[in-house]
């Protein structure tokens, strides 16, 4: 379901422990997420994994019965979030969001609402500190053994405890924010633009927020592609900050012609079944396979 590439970060951890790199869960608990060509394939992957009852071996897992695409969904409330308020997505991504929203507005079983972004800049600051609580010591030691001289700055255990407290507080406030929006699912960009040029995939705030709060998300393709260079421009010239300026500059300096456009659907924590039920419901309007 990810035509833009294979670098993948999943969130909701229902598949078991993965040693990549902190199975202790000091910051963000990692897990494996399927990369598939269709909803059927993702459902197969999860059914096979969960049929082994991994929750009997790992006390971190929750034994939720898997219904997947067969989950009954009635009057789905979908929140549309076109921007996180820190970085305005490239013009073709906004076009893809608009395309999806218009199609969903004609679905009898869907109520389309707006979803307000929540503290994107604070999330960026937190994930930069919490994704590597050891300061990347392992990686830096490998580099130090070569000709590259790097400095290490690992966190003290008390610093990690403070980061976890900050993480948990954000999770609580995000849950409150989600409830106030009164939506079941959020549809939003999966990245700030199409597949990025080398050395420009710096800001991953559109996905890292869901890693931080441990919500399941699925990247979905659209039938749309980026236009020819110069054919699409930002409708709003207002720059939101240095991160936004970087993304705008990368868009202007790079040719993305023909690049596929993807979006993502996000659900609350432990609502994987609802997410797959929503995908099944939206297969036709969003032209999914």
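In full-length UniProt numbering, the protein residues as written are 1 to 289. C-beta: ideal position from N, C-alpha, C; glycine also. None of these values were measured; they are calculated from a predicted model.
Next on the checklist: Is it the case that the stretch 72-88 contacts the stretch 266-286, given that we only count it when at least three CB pairs across the two stretches are under 8 Å?
Outcome noted: yes
Checklist entry - Straight-line CA distance for residue 269 to residue 106? => result The count along the chain shown starts at 1 and reaches residue 269 at position 269. The count along the chain shown starts at 1 and reaches residue 106 at position 106. The alpha-carbon atoms of residue 269 and residue 106 are separated by roughly 28 Å.
Checklist entry - Are the CB atoms of residue 86 and residue 241 nearer to each other than 8 Å? => result Position 86 of the chain shown, counting from 1, holds the residue named residue 86. Position 241 of the chain shown, counting from 1, holds the residue named residue 241. In contact: residue 86 and residue 241 (Cβ atoms closer than 8 Å).
Item to check | Backbone CA spacing between residue 189 and residue 30 [nearest angstrom] | outcome: The count along the chain shown starts at 1 and reaches residue 189 at position 189. The count along the chain shown starts at 1 and reaches residue 30 at position 30. Rounded to the nearest angstrom, the two C-alpha atoms are 22 Å apart.
Next on the checklist: Does residue 142 pass the burial test, meaning 16 or more other C-beta atoms within 10 Å, or should it be called exposed?
Outcome noted: To locate residue 142, count along the chain shown from 1; it is residue 142. Classification of residue 142: exposed, given that the 10 Å Cβ count is below 16.
Next on the checklist: Mapping the DSSP letters down to three states, classify residue 52 as helix, strand or coil.
Outcome noted: The count along the chain shown starts at 1 and reaches residue 52 at position 52. Coil.
Item to check | Cβ separation of residue 194 and residue 260, assumed to be a contact under 8 Å, to the nearest whole Å | outcome: Here residue 194 is taken as the residue at index 194 of the chain shown, counted from 1. Here residue 260 is taken as the residue at index 260 of the chain shown, counted from 1. Right, the Cβ-Cβ distance comes to about 7 Å (below 8 Å), so this counts as a contact.
Checklist entry - What is the rounded straight-line gap between the Cα of residue 21 and the Cα of residue 32? => result As a position in the chain shown, residue 21 is number 21, starting the count at 1. As a position in the chain shown, residue 32 is number 32, starting the count at 1. Bear in mind that the predicted position of residue 21 carries a pLDDT of just 40, short of 50, making it too unreliable to give a figure here.
Checklist entry - Under 8 Å between the Cβ atoms of residue 275 and residue 218? => result To locate residue 275, count along the chain shown from 1; it is residue 275. To locate residue 218, count along the chain shown from 1; it is residue 218. Yes, the pair counts as a contact, with Cβ atoms nearer than the cut-off.
Checklist entry - Which term fits residue 158, buried or exposed, when burial requires 16 or more other beta carbons within 10 angstroms of its beta carbon? => result Stepping through the chain shown from its first residue, residue 158 is reached at position 158. Residue 158 is exposed by the Cβ-count criterion.
Item to check | Nearest-angstrom Cα separation, counted from residue 223 out to residue 229 | outcome: In the chain shown, counting from the first residue as 1, residue 229 sits at position 229. In the chain shown, counting from the first residue as 1, residue 223 sits at position 223. Near 19 Å, if we compare the C-alpha coordinates of residue 223 and residue 229.
Item to check | CA nearest to the CA of residue 315, picked from 225, 238 and 128 | outcome: As displayed, the chain neither begins before 1 nor continues past 289, which places residue 315 out of reach and without an answer.
Next on the checklist: Out of 57, 160, 287 and 50, which one is the CA nearest neighbour of residue 65?
Outcome noted: As a working note, residue 65 is residue 65 in the chain shown. For the residues 57, 160, 287 and 50, the minimum Cα distance to residue 65 belongs to 50.
Item to check | Same chain, Cβ closer than 8 Å to residue 109, neighbours up to 5 away in sequence not counted | outcome: Counted from its first residue, the chain shown places residue 109 at position 109. Same-chain partners within the cutoff: 73, 74, 75, 76 and 281.
Checklist entry - Who are the Cβ neighbours of residue 258 in its own chain at under 6 Å, not counting the five residues just before and after it? => result The sequence position of residue 258 within the chain shown is 258, counting from 1. Only 225 meet the Cβ criterion.
Item to check | Per-residue DSSP class, three states only, for residue 102 | outcome: Working through the chain shown from its first residue, we reach residue 102 at position 102. It is helical.
Next on the checklist: Restricting to runs no shorter than 4 residues, where is the alpha helix (DSSP H) found entirely within the stretch 150-217?
Outcome noted: 157-181 and 205-213
Checklist entry - Going by the CB atoms, is the gap between residue 79 and residue 181 shorter than 8 Å? => result For this step, residue 181 is matched to residue 181 along the chain shown. For this step, residue 79 is matched to residue 79 along the chain shown. A contact, by the Cβ cut-off of 8 Å.
Checklist entry - How would you write the range of the beta strand (DSSP E) that residue 264 sits in, first residue to last? => result Position 264 of the chain shown, counting from 1, holds the residue named residue 264. Its beta strand (DSSP E) spans residues 260-267.
Checklist entry - Which whole-angstrom value is the C-beta distance of residue 263 and residue 96, which I expect to be below 8 Å? => result In the chain shown, residue 263 corresponds to position 263, counting from 1. In the chain shown, residue 96 corresponds to position 96, counting from 1. With 8 Å as the limit, residue 263 and residue 96 qualify as a contact, their Cβ atoms being about 6 Å apart.
Item to check | Span of the beta strand (DSSP E) around residue 290 | outcome: This structure does not reach residue 290, given that the chain is present from 1 up to 289, and the question cannot be answered.
Next on the checklist: Just to check my reading of the structure: residue 89 and residue 192 have Cβ atoms closer than 8 Å, yes? What is that Cβ distance to the nearest angstrom?
Outcome noted: Numbered from 1 along the chain shown, position 89 holds the residue referred to as residue 89. Numbered from 1 along the chain shown, position 192 holds the residue referred to as residue 192. About 5 Å; that satisfies the 8 Å criterion.
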